[in-house]
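*Asks:* All letters in the sequence shown, in the order written, are residues 1 to 231 by our numbering.
All C-beta atoms in this analysis are idealised placements derived from N, C-alpha and C, irrespective of residue type, glycine included.
Pasting in a structure now, in structure tokens, and then I'll have a few things to ask.
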Amino acid sequence: MTVPAISREALIEAMTFRHATKVFDPARHISEEDFNTILEAARLSPSSFGFEPWQILVIDTPEQREKLREFSWGANGKFSGSTGQLGTASRFMVILTHTEKQMRHDSDYLQTFMRDIKQLPEDALAFRTTAYKTFQVSDFKITSPEQISDWAGKQAYIALANMMTAAALLGIDSCPIEGFDMDEANRVAREDYGVDTDKYRVCVMAAFGYRASEPSVEKTRRPMAQIVRTI
């Protein structure tokens, strides 16, 4: 498959355009086609061992979003003087990650995933399981429930980054959100959104839409010489 190349200038322009949008224009809505493209960027994202340890909850109705407001200070407009991303974003999502129950090397979930999704034959499945056990237990020492969930969260952030980049290339704004009470978020996920929190936990939130105004400050980043060291 040959992929048409995007110009370097267009790519950098999109990355420069992207910023953490605090207030969106509530009158502008992302088309279903564009939003499905953003979601497809997540679906096609890479992950360690190809295990895709994430699930995306799209929270569209105002009533469901309001259940997050009290404890989601990063999305409720506390620092913007508005209703925040919860009240203005065209699309709002909560990204979940798999817990230790599903991501342990010996879990039934992973065996089923490798058979049904990866379509691995039994000999390849056994090899992959052994390799993952070595990685998890010996190489990275990811063994406790907290360590496994944190590792899964790192994979979810790859999908999140790809969604934000895809959005920017489409001229759509976004904002990743970590400003919330994790315990309360998991409670709402369980009690109001029907999430089995034995299998999934809240990782991060994200909002997508169109900016209400241009950023008031210029994007700042460290120079390349402070970021990259070639040996």
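#1: In the DSSP output, which residue or residues are listed as bridge partners for residue 92?
#2: Just to check my reading of the structure: residue 210 and residue 98 have Cβ atoms closer than 8 Å, yes? What is that Cβ distance to the nearest angstrom?
#3: Excluding five sequence neighbours on each side, which residues of the same chain lie with their C-beta closer than 6 Å to the C-beta of residue 185?
#4: Please check the pair residue 14 and residue 159, which I expect to be a contact at CB under 8 Å, by giving their CB distance rounded to whole angstroms.
#5: Tell me whether the beta-carbon of residue 172 lies closer than 8 Å to the beta-carbon of residue 85.
#6: Only counting the same chain, and skipping five residues up and downstream in sequence, which positions put a Cβ closer than 8 Å to that of residue 188?
#7: For residue 145, I'd like the list of residues in its chain whose CB is within less than 6 Å of its CB, leaving aside the five on either flank, ordered along the chain.
#8: Measure the CB-CB distance between residue 175 and residue 41 and report whether it falls below 8 Å.
#9: Which residue marks the beginning of the beta strand (DSSP E) containing residue 173, and which one marks its end?
#10: Tell whether a beta-carbon distance below 8 Å holds between residue 179 and residue 54.
#11: Just mark residue 58 as buried or exposed, buried being the case when its beta carbon has 16 or more other beta carbons within 10 Å.
#12: With 16 other CB atoms within 10 Å as the buried threshold, where does residue 110 fall?
#13: Residue 223 to residue 16, Cα distance in whole Å?
#14: Since I believe residue 24 is in contact with residue 207 (beta carbons under 8 Å), could you give me their beta-carbon distance rounded to a whole number of angstroms?
#15: CB residue 88 to CB residue 212, shorter than 8 Å?
#16: DSSP three-state label for residue 57, please.
#17: Would residue 30 pass as a contact of residue 82 if the rule is Cβ separation under 8 Å?
#18: Can the beta-carbon of residue 103 be found closer than 8 Å to that of residue 56?
#19: Anyone know if the C-beta pair for residue 6 and residue 166 falls short of 8 Å?
#20: Going by the DSSP bridge assignment, what does residue 200 pair with across the sheet?
#21: Exposed or buried, which one is residue 136 when buried takes at least 16 other CB atoms within 10 Å?
#22: DSSP puts residue 71 in a beta bridge; with which residues?
#23: Does DSSP classify residue 180 as helix, strand or coil?
#24: Compute the Euclidean distance between the alpha carbons of residue 113 and residue 119, then round it to the nearest angstrom.
*Replies:* From the atom records:
#1: By DSSP's assignment, residue 92 forms a beta bridge with 207.
#2: Between residue 98 and residue 210 the Cβ distance is about 32 Å, and since that is not below 8 Å, they are no contact.
#3: The answer, listed in chain order, is 202.
#4: With 8 Å as the limit, residue 14 and residue 159 do not qualify as a contact, their Cβ atoms being about 18 Å apart.
#5: Judged by beta-carbon spacing, residue 85 lies beyond the 8 Å limit of residue 172, meaning their Cβ atoms are not closer than that value.
#6: If we look at residue 188 and ignore the five residues flanking it on each side, its Cβ neighbours are 67 and 68.
#7: Only 100 meet the Cβ criterion.
#8: Between residue 175 and residue 41, the CB-CB gap reaches or exceeds 8 Å.
#9: Where residue 173 is concerned, the enclosing beta strand (DSSP E) starts and stops at 173-177.
#10: Going by C-beta atoms, residue 179 is not nearer than 8 Å to residue 54.
#11: Under a 10 Å Cβ-count criterion, residue 58 is classified as exposed, with fewer than 16 other Cβ atoms of the shown protein chains found around its own Cβ.
#12: Result: buried.
#13: If you take the alpha carbons of residue 223 and residue 16, they lie about 14 Å apart.
#14: Right, the Cβ-Cβ distance comes to about 7 Å (below 8 Å), so this counts as a contact.
#15: In contact: residue 88 and residue 212 (Cβ atoms closer than 8 Å).
#16: It is a strand residue.
#17: Residue 30 is not a Cβ neighbour of residue 82, given a cutoff of 8 Å.
#18: Residue 103 places its beta carbon 8 Å or farther from that of residue 56.
#19: Going by C-beta atoms, residue 6 is not nearer than 8 Å to residue 166.
#20: Residue 200 is bridged by DSSP to 98.
#21: Under the 10 Å beta carbon count, residue 136 is surrounded by 16 or more other beta carbons and is classified as buried.
#22: The secondary-structure analysis by DSSP pairs residue 71 with nothing; it has no beta-bridge partner.
#23: Coil at residue 180, not helix or strand.
#24: The alpha-carbon separation between residue 113 and residue 119 amounts to approximately 8 Å.
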